[in-house]
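Chains as they are written, first to last, in full-length UniProt numbering: chain A, 1 to 309; chain B, 1 to 309.
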C-alpha cells in the first residue's frame with residue numbers, strides 16, 4: 001500500500017452560516033484531508049500538533065478512519081489552534097472572527113520514521129517554513145509533492161513560500177491567490193507563470209465554479225456538482241486536496257490523465273463535505289455514495305459530438 | 001434545410017474595455033446570433049428593425065453570411081438602436097453609458113411569410129410583448145422555441161415576461177437572473193422553479209464560469225474555455241444562444257443528449273466572440289477553427305474513470 005503523508009492543522013472550528021452556527025467542533029485542514037484519504041487504498045499519516053484540551057475521541061475518529069496519528073504531537077498544557085468564521089449569505093465569502101494560533105505558533109513538525117519514505121506528500125496550508133521542514137525530513141524524494149497555500153502567506157512570508165513552491169510538483173490555490181501569486185489576471189497566464197516557479201501542475205480552485213488543472217499547454221476542468229443546498233463550505237478545499245492526493249497515492253500514477261481523474265475525485269468528495277456542518281458528512285459518508293456521485297459527475301460533463309470534417 | 005427564425009436587436013454599439021474603445025460599430029443580439037447561425041446548415045432569418053442611418057454594408061454582411069434579412073425593417077428617417085457600455089477591469093461587469101432605443105421603441109415585428117413555419121425560433125432579448133408577438137405570427141407550433149431575456153424585463157414587464165415564458169421550451173438567462181426570476185438562491189432550486197413556469201429546459205449562463213443545462217432532474221455543464229486574453233465580452237451570450245439554437249435547428253433533434261451538444265457548440269462559438277472587439281472575430285471565423293476548438297473542449301472536460309464495485 002502506498003504511503004500518503006499529510007501535514008496540516010488539526011483544530012477546533014466554530015462556524016456560522018445562514019443555516020445555523022456551531023460551538024467548537026472538530027476542524028483543521030489535515031482533519032478534512034485525512035477523512036478524504038479514507039476513501040482510497042492508502043496508508044495515510046497526519047503530522048500536526050494539538051493541545052492537551054483536544055478530545056481523545058477526535059483523535060480516535062481519525063485513527064478509526066485508518067489514519068496514522070503517531071505524528072500528531074500533543075503539547076502538555078497547550079491549547080489547540082482555534083478558528084472561528086462567519087459566512088455571508090451567498091456562502092462564497094466569509095469573515096474570520098477569531099484566529100488563536102495557540103500550539104501552532106511553535107509547531108515543529110516531526111515526520112514519523114515509517115513515513116519518511118512516503119510516496120505522496122500533501123503539504124496542507126501552513127507556514128511555508130513548516131512545509132519546507134517536512135520536505136527536509138524525507139529520506140527520499142517523494143513521487144509527488146502537493147502544496148496547498150493561501151494569500152496570507154503571500155502577504156507575510158513570500159520569500160519562504162517561493163522557496164517551498166520550487167520544491168513541489170503540484171500547487172493548489174484559489175483563483176484570487178493564483179492572480180496574486182502571478183500578477184496575471186488571466187488564469188491561463190497565471191498558471192503559465194506559476195509553472196516557471198516550480199510546480200509542473202497547477203490546480204486552481206474556483207469553489208462553486210469548479211477547479212482547473214494546468215500542465216504546460218494542457219488544461220482540464222472539473223466542475224463543482226450543482227447542489228440543492230450548500231450548508232457549510234468549511235473544509236471543502238481541504239477535502240478536495242485530500243481526494244486529489246489520495247487518488248494519486250492509491251493509483252501510483254502521476255500522468256496528466258490520472259491527475260484529471262484525481263481532480264474529479266477531489267470535486268466529488270468536496271461536494272459531500274459542504275452538505276453538513278463541519279466534518280459531519282465526511283464522517284458518515286460511505287463508498288457507495290461516492291461511486292453513485294461519480295456517475296453524476298460523468299453525466300454532468302460527458303458528451304458525444306462527432307467532429308465534422 | 002431547417003429554418004431558424006431569429007428575433008432580436010440589430011444595432012450600433014460603442015464599447016470600452018481595459019484594452020481599448022470603439023466608435024459606433026455593428027452590434028445587437030440578432031447580429032451576433034445570425035453570425036453564429038452561419039456555422040450550421042440552416043436557413044436562418046432575422047426579424048428586427050433599424051433606422052435609415054444603418055449602413056448597407058452591415059446588412060450585406062449578414063446576407064453574405066447566409067442570413068435572410070427580409071424581416072429587418074428599415075424605418076425611413078429613423079435612428080438605429082444604440083448602446084454604449086464600459087467594462088470594468090475584470091470584464092465580468094459593465095456600466096451602461098448610453099441606451100438610445102430609437103426605432104426599437106415602436107418595433108412591431110413582422111415575420112416573413114416564408115419563415116412562419118420555422119422549425120426553431122430564437123426569441124432574443126427584447127420586450128416580452130415583442131417576443132409574444134412573434135410567436136403569435138407562427139403558422140404552426142415550432143419544434144423548439146428558445147427565449148433569451150434579462151433582469152430589465154423582470155423589473156419592468158414581469159407579467160408579460162411570465163406570459164411568454166409559458167410558451168417556450170428553453171429559457172436562457174444568467175445566474176443572477178435565474179435567482180431573481182425564481183426567488184431561489186441555489187441554481188438547482190431556481191431551475192426547478194423555472195421549469196414550473198413553462199420551459200422544459202433551463203439554460204443558466206455563468207459567463208466565464210460556463211453554462212448549466214437543466215431538464216427535470218438531469219443537469220449538464222459546459223465550461224467556458226479558459227483563454228489567455230478576453231478582449232471584449234460583448235455579444236458572447238448572444239453568440240452562445242445562436243450556436244445553441246443553430247446546432248439544434250441543424251440536427252432536428254430536441255433530446256437532452258443533443259441539447260448537451262448544443263450548449264457545447266454555443267460555448268465553443270462564444271469563446272471566439274470574446275477574442276476581438278464586437279463582431280470582428282465572428283466575421284472572420286472559419287469552420288476549421290471551430291472544429292479545432294471543439295477538440296479543446298473535449299480535452300478540457302472528458303475523463304475516463306473506471307467505477308469500482
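Backbone N, C-alpha and C define an ideal beta-carbon position, used for all residues, glycine too.
- The alpha-carbon separation between residue 305(A) and residue 261(B) amounts to approximately 6 Å.
- When only Cα atoms are considered, residue 232(B) and residue 21(B) end up about 10 Å apart.
- Using a Cβ-Cβ cut-off of 7 Å, residue 305(A) is close to 261, 264 and 294 of chain B, given in chain order.
- Classified as exposed, residue 155(A) has fewer than 16 neighbouring CB atoms from the shown chains inside 10 Å of its CB.
- Here the alpha carbon of residue 108(B) sits roughly 16 Å from the alpha carbon of residue 164(B).
- The stretch 64-76 of chain A and the stretch 210-229 of chain A do not touch, with fewer than 3 CB-CB distances between them shorter than 8 Å.
- Its chain contains 14, 97 and 98 as the residues whose beta carbon lies nearer than 6 Å to that of residue 84(B), once the 5 sequence neighbours on both sides are disregarded; these appear in chain order.
- Residue 139(B) counts as exposed, since fewer than 16 other C-beta atoms from the protein chains shown sit within 10 angstroms of its C-beta.
- The contact set of residue 220(B) on chain A, defined by CB atoms closer than 8 Å, consists of 299, 300, 301 and 303 in chain order.
- Shown here, residue 12(A) sits in a strand according to DSSP, grouped into three states.
- Taking the CA atoms as reference points, residue 59(B) sits about 31 Å from residue 211(B).
- At least 7 Å separates the CB of residue 4(A) from every CB of chain B.
- In this structure, the straight-line span from the alpha carbon of residue 146(B) to that of residue 297(A) is close to 27 Å.
- Using a CB distance cut-off of 7 Å, residue 181(A) does not count as an interface residue toward chain B.
- In this structure, the beta-carbon distance from residue 119(B) to residue 249(B) falls below 7 Å.
- In the structure shown, residue 227(A) adopts coil according to DSSP, grouped into three states.
- In this structure, residue 150(A) and residue 117(A) do not form a Cβ contact; the two beta carbons are roughly 29 Å apart against a cut-off of 8 Å.
- Remark: C-beta atoms of residue 50(A) and residue 2(A) do not approach each other more closely than 7 Å.
- In the structure shown, the three-state DSSP call for residue 87(A) is strand.
- Contact annotation: residue 79(B) and residue 102(B) have beta-carbon atoms nearer than 7 Å.
- The shortest CA-to-CA distance from residue 111(B) to any of 86(B), 127(B), 137(B) and 130(B) is the one to 137(B).
- A direct Cα-Cα distance of roughly 48 Å separates residue 213(A) from residue 70(B).
- Taking the CA atoms as reference points, residue 228(A) sits about 26 Å from residue 240(B).
- Within chain A, the residues placing a beta-carbon under 8 Å from that of residue 212(B) are 226, ordered along the chain.
- Interface flag for residue 170(B) against chain A is unset, since no Cβ pair is found closer than 7 Å.
- The C-beta of residue 223(B) comes closer than 7 Å to at least one C-beta of chain A.
- For the C-beta of residue 189(A), the chain B residues within less than 9 Å are, from N- to C-terminus, 228 and 229.
- Put simply, of 23(A), 196(A), 243(A) and 290(A) the residue whose alpha carbon is nearest the alpha carbon of residue 44(A) is 243(A).
- The residues 128 and 161, in chain order, have a CB closer than 6 Å to that of residue 153(B) in the same chain once the five nearest residues on each side in sequence are set aside.
- Separation of residue 246(B) and residue 167(B) (C-alpha to C-alpha, rounded to the nearest whole angstrom) is 20 Å.
- Rounded to whole angstroms, the separation of the alpha carbons of residue 135(B) and residue 182(A) is 51 Å.
- In this structure, the beta-carbon distance from residue 28(B) to residue 6(B) does not fall below 7 Å.
- Membership of residue 173(B) in any alpha helix (DSSP H) is not indicated; the residue belongs instead to the beta strand (DSSP E) covering 170-174.
- Rounded to whole angstroms, the Cβ separation of residue 208(A) and residue 92(A) is 7 Å, and the two are in contact under 8 Å.
- In terms of CA proximity to residue 293(A), 265(A) leads the group 17(A), 253(A), 265(A) and 280(A).
- If you draw a 10 Å sphere on the C-beta of residue 284(B), you find fewer than 16 other C-beta atoms in it, and that means exposed.
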